[in-house]
Every structure is written in C-alpha cells, then in structure tokens.
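To convert, take the position in the sequence shown, counting from 1, and add 705; that gives the working numbering.
Glycine residues also receive a C-beta, built at the ideal position from the N, C-alpha and C atoms.
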Amino acid sequence: MDLLEYQGKQLFGRHGLAVSDGKAVTTVDDAVAAANEIGYPVVVKAQVLMGGRGKAGGVKLASNEEEAREHATNILGLDIKGHITRTLWIEHASDIATEYYASVLLDRSAKKPLVMFSTEGGVEIETVAEETPEKLIKENVDPLVGLTREQAIGIATKGGADADVIEGVADALVALYEVWIEEDASLAEINPLIVTPDRQVKALDAKVSLDGNAAFRHPDHADLGDKANLDPIEVQAAEQDVVYVKLDGNIGILGNGAGLVMSTLDVVAQHGGSPANFLDAGGGSDAEKVKQAVQIILSNENVKAVLFNIFGGITRCDEVANGLVAAFADLKPTVPFVVRLDGTNDVLGREILEKAALPNVYAEKTMDSAAAKVVELAKESR
C-alpha cells in the first residue's frame, strides 16, 4: 500500500525524523485556516499517489491568505494523470541550502535491507544511478544488527554530505531505517532530504510503501493510503478477499496462483492481446468464489472477452466449472469466455461445462491455444 506524502511524513515524525509543520485538509476554507494557523509562507500541495505534481500545478507557494485561497481553489479537484486531488497538505515553507536523497528498501539479490544515499537530491534517482552512479551510495545492512549510527555516519561520509551535517544525516538515516523496519515498509524514501540554512536536516517529501502482508500487525494502518482514488472494482475485490489489479486492456483474466496468472498475462500479450486485469482466485477456490470473481471481472466495461486458465491442484476443476455455470445463470454475461481446465477433476469439469452448454463458452486444452482464442474473440467483439 502506497501512502500519501502527508501520511508518510506523519510516520516519519513518529520515528524521530524532522518534518515541517503541516496539516491535511479537504476544503478551501480549511486550507486557508490551516495556512493562517501555520504561518506564511506556506506550500499548498496536492496529495495524490503520482509524481510530477509540481509540473501539473499541484504544488504552489502562498505568501498570504489571498494566495492560499486561490491555490487551494485551483488544486482541489485537479486531475493529475488520472488522480483527482481531494486532499491538500498545507505546510510551512522551508528554506533550503542543500538537497540530498535517502531511502531504505529490500535488496532481493542480497536478501538484506539496502540503504541508499546521494547528495543529488531533488531529481529522479534513476537518472543519478544511470548518469553519475558514483554519486549514489548503496550499502547493505545486517538485518540481525540493524542500521547502527556508526554505519549511518559512514554512509553519509562516503556519500559526500557536508561535514557539519554528517551526524544529522546519519540520525535521519537511522530514523528512516526504523520506519522501514517497525512499520513493515517495502520502501521508505526521502527526496529531497534537505539541509536548511541553519543546518537542520529535514524530510521535505515522503514516499512510503507498506507491505500489505504485514497489515495484521498494524491495525493503525487501516485508514492509510489514497482511499478516495481507489478503483471501485479493486475495492469490491478486496472486500471479497479476491486478489485483483485493474489493467488497461480488454481481456479479462482469471487464474489460480499468482505465477500462473502472470504467465497467462504474458502469453495473452504474446498473441497480441491486452489484459484487462490480474485476478488470482487462489488455491482451493470454490464455486461461490469463482462466481464472485466473474462478477468482478465483468464490472470492468472494457472487457470484451474472458480467459479462465486453471491448473487444478488444491483448486478442483469441477468447482471452477460449477462456479462458471452459476455465474452465467445469475449474471448472463454477453462477452465470450475461453476456458482451459487442467489438473484435479479436469475431466469432470469439462463434462459439467459440456452438459451446461453455456452460450459463447469455448474450451481449449492448452494455455497457448486458449490465449490465441481469447485474443481472436476480443478482436471480433470490438
């Protein structure tokens, strides 16, 4: 789960990272009241899970109440690459002497946490890594020890931080690592990590992604994220405990197991098709869950054809077939379905579908042939 900037900053503050005073608001009047309370100049910032906010007009400096009202009026409701701004973060403007970059993430190849630091803050870190890799320090951390202050000082020193703020940068790195560990984050990033003219080290921005698999340990995370901009189909899927991600194509995909679904997306793309979703029905899916999954897939109006790719292990192919029959009875879909059943009770599953004689349902024996067929049908349905 990705957090909005202000939510990330609030987490930072709880773990000892210095952040500017600010307030999240959802109306123009509240924005003006917050700006008056915080004191001018303030920055009015759109809160959306999308980069490029400044270029899109979503970040503005206000020197007085009139400007605060004007900027809040213009930014609330602003569409930034498909994300509608419904929340503003009103923050006291910071004087900046220097901009750095800092992050903590998982190094999957080393199977250890990775701390990154650069004096090239305020720009895309990918650009720094590509054009001037020597300016990006990367250092693994022993997960049994954690990031010590000594190691953090070494990272700040090697990275070229100004001598008089090395200890401040080290403190920020240690606090950022604490956020990453204690909040079960997959990414904790500050860009920029600023040094003010009075040599204070502060997080001017926050990018935090939390591991959803650890949500049971953090009931306080339940209200985080950009709830207002969530896709309603994804919300429905989550409520029904279905793993669903909406994509841009027109071919609905249902499989059992994340690996199989990913492979199915790839094979459909190889045949010239464009998947409309990732949907993992999971192991042991029964008829009712399959029916729910069909309803979720068909909620996307862009879907022109649907592919069921089931390899039965724990999941029984006869249950999948029964779920599809039930879905057709209740939902009466008008788009074609291609079904490939293999594994546990696959013969019985195919017999159930043959007996039901569902309209516009095509059985295929292999994943490759099923993908080719569904792409063909999707093109015909345009």
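If distances are taken between C-alpha atoms only, which option among 1002, 1014, 1056 comes closest to residue 1036?
Of the candidates 1002, 1014, 1056, the one whose C-alpha sits nearest the C-alpha of residue 1036 is 1002.
To the nearest whole angstrom, what separates the beta carbons of residue 1079 and residue 938, a pair I think is in contact under 8 Å?
In fact, because the Cβ distance is near 20 Å, the residues do not count as touching under 8 Å.
Quick test of your reading: residue 884 and residue 890, contact by CB under 8 Å. State the CB separation rounded to the nearest angstrom.
Rounded, the Cβ-Cβ distance is 6 Å, consistent with contact.
Any contact between the segment 796-806 and the segment 824-834? By contact I mean 3 or more CB pairs, one from each, below 8 Å.
Output reads yes: the segment 824-834 touches the segment 796-806.
Could you say if the segment 945-959 and the segment 896-914 meet the contact criterion of at least three C-beta pairs nearer than 8 Å?
Counting Cβ pairs under 8 Å, fewer than three are found: no touch.
Is residue 1039 buried or exposed, if buried means 16 or more other CB atoms sit within 10 Å of its CB?
Under this definition residue 1039 is an exposed residue.
Who are the Cβ neighbours of residue 708 in its own chain at under 6 Å, not counting the five residues just before and after it?
Result list for residue 708: 913, 929, in chain order.
Run through DSSP, which three-state label would residue 904 get?
If DSSP states are grouped into helix, strand and coil, residue 904 belongs with coil.
Could you tell me the alpha carbon to alpha carbon distance between residue 960 and residue 985, rounded to whole angstroms?
Rounded to the nearest angstrom, the two C-alpha atoms are 5 Å apart.
Residue 750 to residue 820, Cα distance in whole Å?
Taking the straight line joining both Cα atoms gives about 28 Å.
When the Cβ atoms of the segment 1013-1026 are set against those of the segment 1039-1059, are three or more pairs found closer than 8 Å?
Touching, yes.
Which residues does DSSP pair with residue 767 in a beta bridge?
Note: residue 767 sits in a beta bridge opposite 747.
So the candidates are 733, 813, 993, 900; which of them puts its Cα closest to the Cα of residue 722?
The residue with the shortest Cα to Cα distance from residue 722 is 900.
Can you name the start and end residues of the alpha helix (DSSP H) that residue 758 belongs to?
Residue 758 -> no alpha helix (DSSP H), and no H or E assigned at all.
Closest to residue 908 by C-alpha separation, out of 998, 843, 919, 873, would be which residue?
It is 873 whose Cα lies nearest to the Cα of residue 908.
May I have the straight-line CA-CA distance separating residue 1000 from residue 756, to the nearest angstrom?
The alpha-carbon atoms of residue 1000 and residue 756 are separated by roughly 33 Å.
Expressed to the nearest angstrom, what Euclidean distance is found between the alpha-carbon atoms of residue 715 and residue 1027?
Approximately 48 Å between the Cα atoms of the pair.
When you compare the segment 830-850 with the segment 777-794, are there three or more beta-carbon pairs, one atom per stretch, that lie closer than 8 Å?
Segments in contact, no.
Once DSSP output is grouped into helix, strand and coil, what is the label at residue 913?
Residue 913: strand per DSSP, three-state reduction.
Does DSSP classify residue 969 as helix, strand or coil?
The answer is helix: DSSP assigns residue 969 an H, G or I state.
Below 8 Å, how does it come out for the segment 740-750 and the segment 789-801: are there three or more Cβ pairs, yes or no?
In short, these stretches touch, since the Cβ pair count reaches three.
Give the C-beta separation of residue 1044 and residue 1058 to the nearest angstrom, bearing in mind that I take them to be a contact with Cβ-Cβ under 8 Å.
That belief holds up - the Cβ atoms of residue 1044 and residue 1058 are roughly 6 Å apart, short of 8 Å.
Could you pull out every residue in the same chain whose Cβ sits closer than 7 Å to the Cβ of residue 965, ignoring the five residues on either side in sequence?
Correct list, in chain order: 1014, 1016.
From 731, 799, 761, pick the residue whose C-alpha is nearest to that of residue 778; which is it?
Comparing Cα-Cα distances from residue 778 to each of 731, 799, 761, the minimum goes to 731.
Check each candidate in 764, 791, 746, 880 and name the one with the smallest Cα separation from residue 851.
It is 880 whose Cα lies nearest to the Cα of residue 851.
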